[in-house]
Amino acid sequence: MVSAGSGDSNNPTDAPETYATNGSVTPPTLNRMLVLADRQDSLNLGYDTSGIPDANLQPITYGSWTTTYSDPRVTPGDPLYLFKNKTGYYYTLKDGSLPSAVGGVTHDKILVSPLTKLGTLFFSIFNINGNSGFGCSSNAFTRTFRECDILRPLAVDTQVQASSTVGDITTLNKGADDCSGLAFYFNSLSSQLADAGDRVVQGGAVSAKTGSFSQQVGANTPDIKSVKDQESNRGFRMRTWRVIH
Numbered sequence: 052m053v054s055a056g057s058g059d060s061n062n063p064t065d066a067p068e069t070y071a072t073n074g075s076v077t078p079p080t081l082n083r084m085l086v087l088a089d090r091q092d093s094l095n096l097g098y099d100t101s102g103i104p105d106a107n108l109q110p111i112t113y114g115s116w117t118t119t120y121s122d123p124r125v126t127p128g129d130p131l132y133l134f135k136n137k138t139g140y141y142y143t144l145k146d147g148s149l150p151s152a153v154g155g156v157t158h159d160k161i162l163v164s165p166l167t168k169l170g171t172l173f174f175s176i177f178n179i180n181g182n183s184g185f186g187c188s189s190n191a192f193t194r195t196f197r198e199c200d201i202l203r204p205l206a207v208d209t210q211v212q213a214s215s216t217v218g219d220i221t222t223l224n225k226g227a228d229d230c231s232g233l234a235f236y237f238n239s240l241s242s243q244l245a246d247a248g249d250r251v252v253q254g255g256a257v258s259a260k261t262g263s264f265s266q267q268v269g270a271n272t273p274d275i276k277s278v279k280d281q282e283s284n285r286g287f288r289m290r291t292w293r294v295i296h
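Using this note's numbering, read the sequence shown as starting at 52 and increasing by one per residue.
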């Protein structure tokens with residue numbers, strides 16, 4: 052599987068831009084978090100020359116896609132299973148607001164590279180909503196999500212309140228519906244996601260006082276957060292006892 056996101060990292064606040072060569076340029080108004088299957092039959096399907104059309108990708112939208120693993124669309128072997136008819140899927144990212152943005156609207160974007168490990172997907176969405184001050188003040192968020200099974204995607208609310216994190220970030224049960232969701236959040240921009248043993252870690256800053264999605268106040272404090280990225284199944288580990296030349 053290949054995961055990637057879109058969003059203008061050079062203009063995270065979606066401010067008006069003017070270039071000497073092109074004049075005024077409007078920021079992108081639609082960003083996505085994409086997951087694609089690296090299909091071995093891509094040549095036969097025509098993807099090698101034409102690319103993957105939108106019709107071959109499944110939108111994963113909160114409110115119109117399943118949040119439970121019992122749904123046939125996320126059940127391998129079922130005729131309705133996602134990858135029987137599609138080559139991948141995407142989350143359509145939502146909008147926020149900022150007075151200095153074009154039209155006062157900001158568009159959620161992926162500014163941190165997604166990370167996939169052992170079939171579990173981690174991705175971060177940058178959002179600004181409700182700010183009255185400068186672009187990266189306390190109502191800008193990086194929200195990091197865990198999708199526990201990349202082949203069985205469940206819908207997640209990408210603008211969920213900061214206090215509503217996923218059920219349990221210290222374990223990973225791919226069969227549990229509440230395994231996927233918001234793992235943690237940071238105010239403003241965060242670091243890249245890093246693989247650290249059996250966890251994924253990320254650094255950033257959080258406000259000392261937290262509230263709802265558009266009401267973050269208080270001083271920012273540096274922090275590092277982590278979420279479980281694999282089952283703790285015991286197994287053999289190869290070691291070298293001696294080397295004979």
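C-beta: ideal position from N, C-alpha, C; glycine also.
Computed from a predicted structure; not experimentally measured.
In its chain, beyond the 5 residues on either side, ARG124, VAL125, LEU205 and ALA206 have a beta carbon closer than 7 Å to the beta carbon of THR117. C-alpha of LEU223 to C-alpha of GLY154: approximately 42 Å in a straight line.
Counting C-beta atoms within 10 angstroms of its own C-beta, LYS279 has 16 or more neighbours from the protein chains shown and is therefore classed as buried. Checking the DSSP bridge columns, you'll see THR138 has no partner listed.
Taking C-beta atoms as the reference points, THR143 and PRO110 count as a pair closer than 9 Å. With respect to the 9 Å criterion, LEU233 and ASP200 are not classified as neighbours on the basis of their beta carbons.
For ASN238, there is no enclosing alpha helix (DSSP H); the enclosing beta strand (DSSP E) covers residues 232-238. Collapsing the DSSP output to three states places ALA206 in coil. Under a 10 Å Cβ-count criterion, MET52 is classified as exposed, with fewer than 16 other Cβ atoms of the shown protein chains found around its own Cβ. GLY147 is the residue among THR69, GLY147 and THR171 whose C-alpha sits nearest the C-alpha of ASN190.
Classified as exposed, ALA106 has fewer than 16 neighbouring CB atoms from the shown chains inside 10 Å of its CB. With a cutoff of 9 Å on beta-carbon distance, LYS145 and GLY56 are scored as not near each other. Taken through DSSP and simplified to helix, strand or coil, SER60 comes out as coil. Only buried fits ILE176, as 16 or more other CB atoms lie within 10 angstroms of its CB.
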